[in-house]
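Peer 1:
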Ligand code: SF4
Ligand code: SF4
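In the working numbering, the protein residues as written are 10 to 330.
So, in structure tokens, the structure goes:
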């Protein structure tokens, strides 16, 4: 039994799935950036991309479910050749589904993507954008030189299309710590972001989501390299908050990899913790599972789960508490 599962057992806590509400598709490991904290190890040289055939199989499955939200992530999901095809097809499903694009902002300014922001606006796609700070120094250190300036220009472009202004075009930002510490208060940081981005750049957005860094992928390598992995794990374990359990994203999200394989969350996906059938011998893909039979299914955990339950808790939608 892993350390997290043992903690749940000791505290008499059961972590099981509720009804699925979000289908999160991790469509690529390809990305135009190579951020220090990236748990996907994404970058421009990665070759993993969801194919048209896999997209079609997922759409067939989705059409027979009533899951209301499709959440696109990566890598930079916009870089797969069938990104627009996927969005157009999801929007034609009956009933239509809400779509979220997890965007690194800079992709909206790359050559060949000039009309992408307008495409997203036309299809009423919600944008959740990474923006680890409102100051140039911190963003460029974490995401690469020039990323802050590009992100600001992209946010101004999105505002010009009414993102963050029109209630049908939500624009949320994501903060994650620049090192081995937990995020500060989400409400206080949101107020700081809103004040500073508006004052210096005239930028408006809806909500700020604070996310903790999980000790996996490139962030785990960074911690190991700086001899800080044990210290960070200790921080996560000692700040375990049982009140976060009900709000964990693994309870209502199905995470799907670029080949259609299924996981409890994107972090488990990066650790290769694919679902398998009861005998554990057959790895499961989305088209193998029945969405109506998932409630009550046990969630696969590991020590990294302490990253989601530390302090105020952390999900794809920000702090839990
Ligand atoms: S954190 Fe996001 S933007 Fe940065 S390399 Fe990873 S996938 Fe790309
Ligand atoms: S990493 Fe977080 S979201 Fe994933 S299974 Fe663990 S607690 Fe749930």
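We put the CB at the ideal spot given by N, CA and C, even for glycine.
Quick check: what's the CA-CA separation for residue 78 versus residue 32?
Peer 2: Rounded to whole angstroms, residue 78 to residue 32 spans 6 Å at the Cα level.
Peer 1: Hey, out of 320, 21, 172, whose CA is closest to residue 247's CA?
Peer 2: Among 320, 21, 172, the Cα nearest to that of residue 247 belongs to 320.
Peer 1: Can you tell which of 190, 189, 218, 191 has its C-alpha closest to the C-alpha of residue 203?
Peer 2: Of 190, 189, 218, 191, the residue nearest in Cα terms is 218.
Peer 1: By alpha-carbon positions, which one of 136, 23, 278 ends up nearest to residue 215?
Peer 2: When each option's Cα is compared against that of residue 215, the closest is 136.
Peer 1: Count the CB pairs spanning the stretch 308 to 328 and the stretch 252 to 263 that are closer than 8 Å, and state whether there are at least three.
Peer 2: They touch, by the three-pair rule.
Peer 1: Tell whether a beta-carbon distance below 8 Å holds between residue 127 and residue 170.
Peer 2: Yes; because the gap between Cβ atoms is below 8 Å, this pair is in contact.
Peer 1: Using 8 Å as the threshold, is the stretch 41 to 50 in touch with the stretch 106 to 119, meaning 3 or more CB pairs across them?
Peer 2: Yes, the stretch 41 to 50 is in contact with the stretch 106 to 119.
Peer 1: If we call anything under 8 Å between Cβ atoms a contact, is residue 261 one with residue 28?
Peer 2: Cβ distance < 8 Å, so residue 261 and residue 28 count as in contact.
Peer 1: Among 36, 313, 140, which has the Cα closest to the Cα of residue 94?
Peer 2: Checking every option, the nearest Cα to that of residue 94 belongs to 36.
Peer 1: Is it buried or exposed, residue 17, if we count other Cβ atoms within 10 angstroms and call 16 or more buried?
Peer 2: Answer is buried; the Cβ neighbour count reaches 16.
Peer 1: In or out: residue 195 buried (at least 16 other Cβ within 10 Å) or exposed?
Peer 2: Result: buried.
Peer 1: Quick one: what does DSSP say residue 241 is sitting in, helix, strand or coil?
Peer 2: Note: residue 241 maps to helix in three-state DSSP.
Peer 1: Indicate the three-state DSSP secondary structure (helix, strand or coil) for residue 119 in the structure shown.
Peer 2: Three-state DSSP puts residue 119 in coil, outside helix and strand.
Peer 1: Any heavy atom of ligand 1 closer than 7 Å to the Cβ of residue 159?
Peer 2: Because no heavy atom of ligand 1 lies under 7 Å away, the Cβ of residue 159 does not count as near it: no.
Peer 1: Could you name the residues that DSSP lists as bridge partners for residue 270?
Peer 2: Bridge partners of residue 270: 294.
Peer 1: Could you name each continuous beta strand (DSSP E) segment of 3 residues or more that falls completely within the stretch 118 to 154, going from the start of the chain to the end?
Peer 2: Listed in chain order, the complete beta strand (DSSP E) runs (minimum 3 residues) inside the stretch 118 to 154 are 135 to 139.
Peer 1: Can you check whether the CB of residue 47 is closer than 8 Å to the CB of residue 227?
Peer 2: A contact, by the Cβ cut-off of 8 Å.
Peer 1: Going by C-alpha distance, which of 191, 198, 200, 197 is nearest residue 223?
Peer 2: Out of 191, 198, 200, 197, 191 has the C-alpha closest to the C-alpha of residue 223.
Peer 1: Looking at the unbroken alpha helix (DSSP H) that takes in residue 234, where does it start and where does it end?
Peer 2: Element bounds for residue 234: 226 to 234.
Peer 1: Short of 7 Å in beta carbon distance, which residues of its chain neighbour residue 173, apart from the five on each side in sequence? Order them along the chain.
Peer 2: Excluding sequence neighbours, residue 173 sits near 167, 180, 213, 214, 215.
Peer 1: By how many angstroms is the C-alpha of residue 81 removed from the C-alpha of residue 88?
Peer 2: Answer to the nearest angstrom: the Cα atoms are 12 Å apart.
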